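>
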Amino acid sequence: MQTERLAADAASIARAAEILRRGGLVAFPTETVYGLGARADDGRAARGIFEAKGRPPGNPLIVHVPDVASARALAASWPDDAERLAQAMWPGPLTLIVARRPDRVADEVAAGGPTVAIRVPVHPVARALLDAVGLPIAAPSANRSTAISPTAAEHVEKSLGGRIDAIVDGGPTAVGIESTIVDVSRSPARLLRPGHVAAEAIAALVPLQTSAGLITAPGERAPSPG
Numbered sequence: 010m011q012t013e014r015l016a017a018d019a020a021s022i023a024r025a026a027e028i029l030r031r032g033g034l035v036a037f038p039t040e041t042v043y044g045l046g047a048r049a050d051d052g053r054a055a056r057g058i059f060e061a062k063g064r065p066p067g068n069p070l071i072v073h074v075p076d077v078a079s080a081r082a083l084a085a086s087w088p089d090d091a092e093r094l095a096q097a098m099w100p101g102p103l104t105l106i107v108a109r110r111p112d113r114v115a116d117e118v119a120a121g122g123p124t125v126a127i128r129v130p131v132h133p134v135a136r137a138l139l140d141a142v143g144l145p146i147a148a149p150s151a152n153r154s155t156a157i158s159p160t161a162a163e164h165v166e167k168s169l170g171g172r173i174d175a176i177v178d179g180g181p182t183a184v185g186i187e188s189t190i191v192d193v194s195r196s197p198a199r200l201l202r203p204g205h206v207a208a209e210a211i212a213a214l215v216p217l218q219t220s221a222g223l224i225t226a227p228g229e230r231a232p233s234p235g
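Numbered according to the working numbering, the sequence shown spans residues 10 to 235.
Have a look at this one:
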């Protein structure tokens, strides 16, 4: 496979959106790291992410959407804690786990589980791409599994070149670490992965339980995207 290197201009974003709509794989910048995107409503497209990354199928993916309304549309229920955090911290590097609508999010994206991880990125290229494609996009970090998460298009090309359809080069990312993940499908909300948004900032808005010792045995579904 020849991997296209695309600029972050309108024509290239339209091209990337076309690739995604037809079920292809596109790496794109977010404020945290580069993500490897595919349609979240298409199980075949999502399987392509796992194959390209060498990612275990029991590790769910984060779904990226352009706004809070799009996030609500993927959720079987949307708790008050989800609304409070979304209104305060989106767009931004916070991922919320909520109950999943299986007609909107493929089983492969959720690793067969009842929940889905969602976030609204703030990066202008990511937002332009999400607006252009008009679909929820599943996107873990754009690297081979266990490798360091990429903060530049060159890192993606070195790791996944020849395995994916395209890379949108939006320059280096600003944050460089993954999003914070909070499970709001339960009460109190639970911090599953530390990230750029501090636990203290979240706890100032909703009751928060921090977690420890979340170890997944081989073959089990991970409680949080990794």
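Yeah, the Cβ is synthetic: ideal placement off N, Cα and C, and Gly gets one too.
All of these numbers come straight from a predicted model, not from anything done at the bench.
(1) Expressed to the nearest angstrom, what Euclidean distance is found between the alpha-carbon atoms of Gly-185 and Ser-158?
(2) DSSP three-state label for Gly-52, please.
(3) Would you kindly work out how many angstroms separate the C-alpha atoms of Leu-217 and Val-74, rounded to a whole number?
(4) Output the boundary residues of the alpha helix (DSSP H) element that contains Ala-210.
(5) Identify every run of the beta strand (DSSP E) within the segment 22-81, keeping only runs that are complete inside it and at least 3 residues long; order them along the chain.
(6) Have a look at Leu-293 and Arg-93 and give me their C-alpha separation to the nearest angstrom.
(7) Give me, in chain order, the residues of the same chain whose beta-carbon lies closer than 8 Å to that of Pro-234; leave out the 5 immediate sequence neighbours on both sides.
(8) So the beta strand (DSSP E) Ala-108 belongs to, where does it begin and stop?
(9) Below 8 Å on the Cβ atoms is my guess for Ile-58 versus Ala-147; work out the distance and round it to an integer in Å.
(10) Pro-88 to Gln-11, Cα distance in whole Å?
(11) For Asp-117, which residues in the same chain have their Cβ closer than 7 Å to its Cβ, ignoring the five residues on either side in sequence?
(12) Use the C-beta contact count for Lys-167: other C-beta atoms within 10 angstroms, 16 or more gives buried, fewer gives exposed.
(13) What would DSSP say about Asp-192, mapped onto helix, strand or coil?
(14) How about Glu-244 and Thr-155: are their beta carbons less than 9 Å apart?
(15) Just mark Glu-160 as buried or exposed, buried being the case when its beta carbon has 16 or more other beta carbons within 10 Å.
(16) What are the boundary residues of the beta strand (DSSP E) that Arg-199 is part of?
(17) Just the C-alpha distance for Ala-82 and Asp-112, rounded to the nearest angstrom, thanks.
(18) Checking 9 Å against the spacing of the C-beta atoms, do Gly-122 and Arg-109 come in under that value?
(19) According to DSSP, what are the bridge partners of Asp-178?
(20) Quick check on the DSSP output: what are the complete alpha helix (DSSP H) runs of length 4 or more inside the segment 89-147, in order along the chain?
(21) Given Ala-61, which residues of its chain have a CB within under 7 Å of its CB, disregarding the five upstream and five downstream residues?
(22) Hey, how far is the Cα of Arg-31 from the Cα of Phe-37?
Inspection of the coordinates gives the following:
(1) 8 Å
(2) helix
(3) 24 Å
(4) 208-212
(5) 35-38, 43-48 and 71-73
(6) Past the edges of the chain, shown from 10 to 235, lies residue 293, and the structure says nothing about it.
(7) Asn-68, Pro-69, Leu-70, Ile-71, Thr-104, Ala-126, Pro-149, Ile-190 and Arg-202
(8) 103-108
(9) 7 Å
(10) 43 Å
(11) Here residue 117 is Glu; the residue named in the question, Asp, does not match the sequence. Gly-52, Ala-55 and Arg-56, listed in sequence order.
(12) exposed
(13) strand
(14) The requested residue 244 is not part of the displayed model; the chain covers only 10 to 235.
(15) A small correction: the amino acid at residue 160 is Thr; Glu does not occupy that position in the sequence shown. Thr-160 comes out buried.
(16) 198-202
(17) 10 Å
(18) yes
(19) Ala-16
(20) 89-98 and 133-142
(21) Leu-34, Leu-45, Leu-169, Arg-172 and Ile-173
(22) 17 Å
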